[in-house]
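Just below is one structure, and these are the notes that go with it.
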Amino acid sequence: MLIAFYSTLIIFFILFSFTLSYLLILIKQKKATGGNVLALCSLLILTGVISCIYGFDFVKLLAGEVQSAQGNCFIEFNDNGKSIATTTVEIDDTIYQIKGDTYSDLPDDTYQCKVHYLPVTKIIKSLDIEK
């Protein structure tokens with residue numbers, strides 16, 4: 000269920016590392032121009048922020064400090080063909096997401112459920128459903 004989470008973390012950490020390395024190489028070789036530095040710094044900030052957000056959730060996941068919510072939840076499966084299929088779970092006006100088609104067979108409806116989710120990204124680690 001967390002494949003998309005791990006993939007995003009790995010991809011953005013690799014992008015951050017390559018961007019930082021390339022920026023340092025350009026500066027060391029004194030080939031850095033204003034446009035190059037501005038573009039690389041913007042990309043570095045973007046990938047760094049996303050890596051930190053997902054990294055924070057990864058640390059919480061390893062420590063077992065996931066959060067939970069329970070109650071009446073509306074579950075809806077979205078697969079518009081333009082991106083990764085997503086199951087959306089809404090509990091008390093808070094939206095949680097599951098990337099992938101794990102719950103594609105479940106009809107869109109309101110259920111009694113309990114979710115365990117990552118604190119920052121609100122990606123669901125586990126979902127317990129009672130009709």
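When the sequence shown is numbered by numbering that gives the first Met the number 0, its final residue is 130 and no position is left out of the sequence of numbers. Beta carbons are placed, not taken as given, at the ideal position from N, Cα and C, and that holds for glycine. None of these values were measured; they are calculated from a predicted model.
- Within its own chain, the residues whose Cβ lies closer than 6 Å to the Cβ of T86, once the five positions on either side in sequence are excluded, are F76, I97 and Y102, listed in chain order.
- The region 51 to 68 and the region 113 to 125 touch, with three or more beta-carbon pairs separated by less than 8 Å.
- With distances taken between CA atoms, D108 lies nearest to E129 out of T93, K124 and E129.
- Close CB contacts of C40 within its chain, under the 8 Å cut and outside five residues either way in sequence, are with L22 (chain order).
- Shortest Cα-Cα distance from C112 to any of K29, V48, D100 and I90 involves I90.
- Sixteen is the threshold: since fewer than 16 other Cβ atoms of the shown chains lie within 10 Å of the Cβ of Y5, the residue is exposed.
- Looking at the DSSP output, F76 bridges to T86.
- A distance below 6 Å between beta-carbons, with the five flanking residues on each side excluded, links A31 to the following residues of its chain, in chain order: L25.
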